Amino acid sequence: SLFDNVKPYMQSYKEEIFGPVLQVVRADSLEEAAALPSNHQYGNGVAIFTSNGRAAREFAAQVNVGMVGVNVPIPVPVSYHTFGGWKRSAFGDTNQ
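Everything in the sequence shown is counted per this note's numbering, starting at 959 for the first residue and increasing by one.
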């Protein structure tokens, strides 16, 4: 499923949902793009789509989540690696 133009007040944005789902939240600035996931209660993963290398590096350095993808829709490692998020997304074997 694909949800485009998702807004922070929407239920799908507020809850942690698992796929196959891709939510697209559009931001007007790099600062807004980094603040949205950083300020969210969950922090599993996020992706940025850009052709600007500087913006991609700054976003990856600033954002406060477990996994960051650049120009990939789902920032997860291959299946034999463990992964987890930060904040209320939990992290580690006891929460997976």
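We put the CB at the ideal spot given by N, CA and C, even for glycine.
Remember, predicted model here, so these are calculated numbers, not experimental data.
Buried or exposed: which applies to Asn1029, given that a residue is buried once 16 or more other Cβ atoms fall within 10 Å of its Cβ? The sequence position of residue 1029 within the sequence shown is 71, counting from 1. Looking at its Cβ environment, which holds fewer than 16 other Cβ atoms inside 10 Å, Asn1029 is exposed.
Please name the residue in Val983, Gly1003, Glu973 whose C-alpha comes closest to that of Leu960. Counted from its first residue, the sequence shown places residue 960 at position 2. Checking every option, the nearest Cα to that of Leu960 belongs to Val983.
Limits of the unbroken alpha helix (DSSP H) element including Gly1011: Counting from 1 along the sequence shown, the entry for residue 1011 is found at position 53. For Gly1011, the enclosing alpha helix (DSSP H) begins and ends at 1011-1020.
For Ala992, report the span of its beta strand (DSSP E) as first-last. Sequence index remark: in the sequence shown, residue 992 carries index 34 (1-based). For Ala992, there is no enclosing beta strand (DSSP E); the residue is part of the alpha helix (DSSP H) that begins and ends at 988-996.
Can you tell me where the alpha helix (DSSP H) holding Gln969 begins and where it ends? Along the sequence shown, read from residue 1 onward, the residue named residue 969 stands at position 11. Element bounds for Gln969: 969-972.
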